[in-house]
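K.L.:
Protein chains: 2
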Amino acid sequence: MTIQIHPLRGFPLVRPGDDLVSLILQSLDHSAISLQAADILVVTQKIVSKAEGCYVKLDEVSPSDKTLDLAGRLGLHPKRVEVILRESRRVIRAQVSPGLGRGVLICETHHGFVCANAGVDESNLSESDSVLALPRDPDASAGRIRSGLLDRTGMAVGVVVSDSFGRPWRRGLVNVAIGLSGISSLVDYQGKKDYGGRSLAVTQLAVADEVAAAAGMAMGKLELIPAALVRGVAIQSDSGRAAELIRPASEDFFRE
Amino acid sequence: MTIQIHPLRGFPLVRPGDDLVSLILQSLDHSAISLQAADILVVTQKIVSKAEGCYVKLDEVSPSDKTLDLAGRLGLHPKRVEVILRESRRVIRAQVSPGLGRGVLICETHHGFVCANAGVDESNLSESDSVLALPRDPDASAGRIRSGLLDRTGMAVGVVVSDSFGRPWRRGLVNVAIGLSGISSLVDYQGKKDYGGRSLAVTQLAVADEVAAAAGMAMGKLELIPAALVRGVAIQSDSGRAAELIRPASEDFFRE
Numbered sequence: 001m002t003i004q005i006h007p008l009r010g011f012p013l014v015r016p017g018d019d020l021v022s023l024i025l026q027s028l029d030h031s032a033i034s035l036q037a038a039d040i041l042v043v044t045q046k047i048v049s050k051a052e053g054c055y056v057k058l059d060e061v062s063p064s065d066k067t068l069d070l071a072g073r074l075g076l077h078p079k080r081v082e083v084i085l086r087e088s089r090r091v092i093r094a095q096v097s098p099g100l101g102r103g104v105l106i107c108e109t110h111h112g113f114v115c116a117n118a119g120v121d122e123s124n125l126s127e128s129d130s131v132l133a134l135p136r137d138p139d140a141s142a143g144r145i146r147s148g149l150l151d152r153t154g155m156a157v158g159v160v161v162s163d164s165f166g167r168p169w170r171r172g173l174v175n176v177a178i179g180l181s182g183i184s185s186l187v188d189y190q191g192k193k194d195y196g197g198r199s200l201a202v203t204q205l206a207v208a209d210e211v212a213a214a215a216g217m218a219m220g221k222l223e224l225i226p227a228a229l230v231r232g233v234a235i236q237s238d239s240g241r242a243a244e245l246i247r248p249a250s251e252d253f254f255r256e
Numbered sequence: 001m002t003i004q005i006h007p008l009r010g011f012p013l014v015r016p017g018d019d020l021v022s023l024i025l026q027s028l029d030h031s032a033i034s035l036q037a038a039d040i041l042v043v044t045q046k047i048v049s050k051a052e053g054c055y056v057k058l059d060e061v062s063p064s065d066k067t068l069d070l071a072g073r074l075g076l077h078p079k080r081v082e083v084i085l086r087e088s089r090r091v092i093r094a095q096v097s098p099g100l101g102r103g104v105l106i107c108e109t110h111h112g113f114v115c116a117n118a119g120v121d122e123s124n125l126s127e128s129d130s131v132l133a134l135p136r137d138p139d140a141s142a143g144r145i146r147s148g149l150l151d152r153t154g155m156a157v158g159v160v161v162s163d164s165f166g167r168p169w170r171r172g173l174v175n176v177a178i179g180l181s182g183i184s185s186l187v188d189y190q191g192k193k194d195y196g197g198r199s200l201a202v203t204q205l206a207v208a209d210e211v212a213a214a215a216g217m218a219m220g221k222l223e224l225i226p227a228a229l230v231r232g233v234a235i236q237s238d239s240g241r242a243a244e245l246i247r248p249a250s251e252d253f254f255r256e
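As given, the protein sequences belong to chains H and L, one line each in that order. What the first sequence shows, in the numbering used here, is residues 1 to 256, in sequence order. What the second sequence shows, in the numbering used here, is residues 1 to 256, in sequence order.
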């Protein structure tokens with residue numbers, strides 16, 4: 001079966017408290033798309049965070065002495081760094097990049113995701129601004145969108161909350177799944193044989209990340225298209241969670 | 001525009017010396033797909049390596065004392081380890097995984113890609129077997145397929161040679177681009193503004209990897225579908241190279 005990826009066009013600006021399900025349905029309508037069973041809706045973290053009001057007002061943030069020191073060393077905005085540290089379980093790297101000419105913070109978020117700035121947005125800030133953090137529980141966010149769409153259309157679709165992450169070893173950002181509902185995170189080929197009859201040794205495919213990356217092709221990074229519908233990928237599941245995509249240190253041999 | 005991903009069905013077993021362009025055209029025909037300008041054909045590394053004869057006969061391999069020691073320590077086949085080391089510029093990690101109950105080798109290939117076993121295949125081996133290595137120059141492999149398809153159909157399509165790589169921090173394999181021709185590896189949003197009018201800080205998208213991941217959804221890992229056509233992604237370029245996707249250590253802050 002052909003897989004289709006439909007960008008959702010005409011998506012309005014999202015504001016705190018907006019009902020994302022209504023906006024998604026409007027945008028599907030505007031894009032002349034009817035939901036079908038087994039469709040997977042991919043939405044960017046940014047619109048989920050905006051709708052959920054995951055803003056932190058910088059004038060309410062008081063950087064600690066430690067943060068002031070770190071921000072000074074990295075040439076970063078101290079209040080923004082304070083928010084990043086609050087969103088982090090630990091800091092993986094904090095240093096000035098000669099190439100970028102500015103400081104870089106790579107963090108492990110409280111969810112366990114490793115990404116730049118703990119997912120806190122990267123815009124130029126003035127004192128009056130807010131920054132936007134990742135959703136508290138992106139699987140729950142995806143679940144609420146899935147339930148809302150089921151209630152209002154009768155269609156049980158999968159939902160992925162995606163974000164663009166940098167990664168070790170390879171350049172460039174790719175879209176990955178940070179929350180999901182109604183689909184598998186991983187598909188396991190354990191015990192399966194390839195078409196030469198040999199057992200497959202490495203067997204888990206990160207299908208939710210492949211769906212997110214595929215949707216990334218349709219989304220464009222200027223955020224004009226913050227959602228896309230992926231049709232034709234049969235990975236429905238009631239038990240998938242994005243946390244399954246986090247590789248525990250004990251089995252992570254890909255770190256240097 | 002809707003993006004479409006068409007699996008190429010009915011792909012025959014590939015043998016050394018086979019003309020991949022002919023097999024691709026047969027399979028497109030079998031799948032009732034006509035090439036269009038700006039299509040991107042994604043083919044697995046495995047069929048490219050097979051067609052190019054990248055086999056190493058194990059009975060012609062003599063492991064060094066160092067290799068015998070390493071293979072013994074990891075519980076791996078010494079001749080296979082010898083081939084992996086030959087294919088590697090350096091070994092990132094070599095240790096026994098308690099979870100897997102066997103040794104794991106994470107290597108940087110001569111191309112600069114970081115992956116398990118330097119991309120040398122993972123099947124159960126007997127002494128009479130061969131192992132299959134990555135293509136010598138996957139961009140050149142992609143370029144030959146692109147040229148062949150242009151000669152025989154008049155269509156200038158993009159070509160990606162893909163492989164499934166594990167990665168740090170996140171579980172599961174994802175399909176990535178290890179060779180490409182006719183498309184960009186990265187798209188740079190430097191200087192662009194988001195729809196709030198703010199400058200984007202992190203700006204390079206790994207579009208070739210997103211295309212490879214998207215095709216991965218259609219391919220299935222049992223290798224019954226070793227090629228897929230991605231339609232509707234406008235990233236044509238005459239100068240893209242997969243090496244651009246390799247992040248130099250000096251700018252890699254995502255390593256621990």
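Backbone N, C-alpha and C fix where the C-beta goes; we use that ideal spot for every residue, glycine too.
1. Thinking C-beta only, is L/Gly-112 closer than 7 Å to L/Ala-142?
2. Starting from the beta carbon of H/Ala-218, find every residue of chain L whose beta carbon is closer than 7 Å, and list them in chain order.
3. Classify H/Glu-52 as buried or exposed, calling it buried when 16 or more other Cβ atoms lie within 10 Å of its own Cβ.
4. Please check if any C-beta of chain H sits within less than 7 Å of the C-beta of L/His-6.
5. Beta-carbon separation of L/Ile-3 and H/Met-217 under 7 Å?
6. From L/Val-105 to L/Gln-95, what distance separates their C-alpha atoms?
7. Using only CA atoms, which one of L/Val-120, L/Arg-80, L/Ile-47 and L/Asp-188 lies nearest to L/Pro-21?
8. Does the CB of H/Gln-204 have a neighbour CB from chain L at under 7 Å?
9. Would you please verify whether the beta carbon of L/Asp-139 is less than 7 Å from any beta carbon of chain H?
10. Helix, strand or coil for H/Ala-32? Go by DSSP, reduced to three states.
11. Just list the residues that DSSP pairs H/Tyr-55 with in beta bridges.
12. Residues of chain L with a CB under 9 Å from the CB of H/Ser-22: which are they?
13. Roughly how many angstroms separate the alpha carbons of L/Leu-74 and L/Ser-162, rounded to a whole number?
14. Quick one: does L/Phe-11 have its CB under 7 Å from some CB of chain H?
15. Using a Cβ-Cβ cutoff of 9 Å, what residues of the stretch 55-67 of chain L are near chain H? List them in chain order.
16. If you drop the 5 nearest sequence neighbours on each side, which residues of the same chain put their C-beta closer than 7 Å to that of L/Ala-118?
17. If I measure Cβ to Cβ from H/Ile-225 and keep anything under 8 Å in the same chain, skipping five residues before and after, which residues do I get?
18. Following the continuous beta strand (DSSP E) through H/Pro-138, name the residue where it begins and the one where it ends.
19. Using the three-state DSSP reduction, which class does H/Leu-224 fall into: helix, strand or coil?
20. How close, in whole Å, do the beta carbons of H/Leu-58 and H/Ser-130 come, if the pair is a contact with beta carbons under 8 Å?
21. Taking C-beta pairs closer than 7 Å, name the residues in chain H that L/Ala-38 reaches, listed in chain order.
22. Examine chain H for any beta-carbon lying closer than 7 Å to the beta-carbon of L/Gly-166, and answer yes or no.
23. In the DSSP output, which residue or residues are listed as bridge partners for H/Gln-4?
24. Sort L/Val-120, L/Arg-255 and L/Ser-250 by Cα distance to H/Gly-101 and report the nearest one.
25. Give the C-beta separation of L/Gln-45 and L/Pro-135 to the nearest angstrom, bearing in mind that I take them to be a contact with Cβ-Cβ under 8 Å.
P.N.:
Considering the structure as presented:
1. no
2. Ile-3
3. buried
4. yes
5. yes
6. For the sequence presented, residue 105 of chain L should be read as Leu rather than Val. The alpha-carbon atoms of L/Leu-105 and L/Gln-95 are separated by roughly 7 Å.
7. Note on identity: in this sequence residue 21 of chain L is Val, with Pro being the wrong assignment. Minimum Cα distance to L/Val-21 is reached at L/Ile-47.
8. yes
9. no
10. coil
11. H/Leu-132
12. Within 9 Å Cβ-Cβ: nothing; H/Ser-22 doesn't reach chain L, min ~20 Å.
13. 28 Å
14. no
15. none
16. Ile-84, Glu-87, Ser-88, Cys-107 and Thr-109
17. Pro-7, Leu-8, Arg-9, Phe-11, Ala-218 and Met-219
18. Premise fails: H/Pro-138 lies in the alpha helix (DSSP H), 138-153, not in any beta strand (DSSP E).
19. coil
20. 6 Å
21. The premise fails here: L/Ala-38 is roughly 13 Å from chain H at the closest Cβ pair, so nothing lies under 7 Å.
22. yes
23. H/Arg-231 and L/Gln-4
24. L/Ser-250
25. 7 Å
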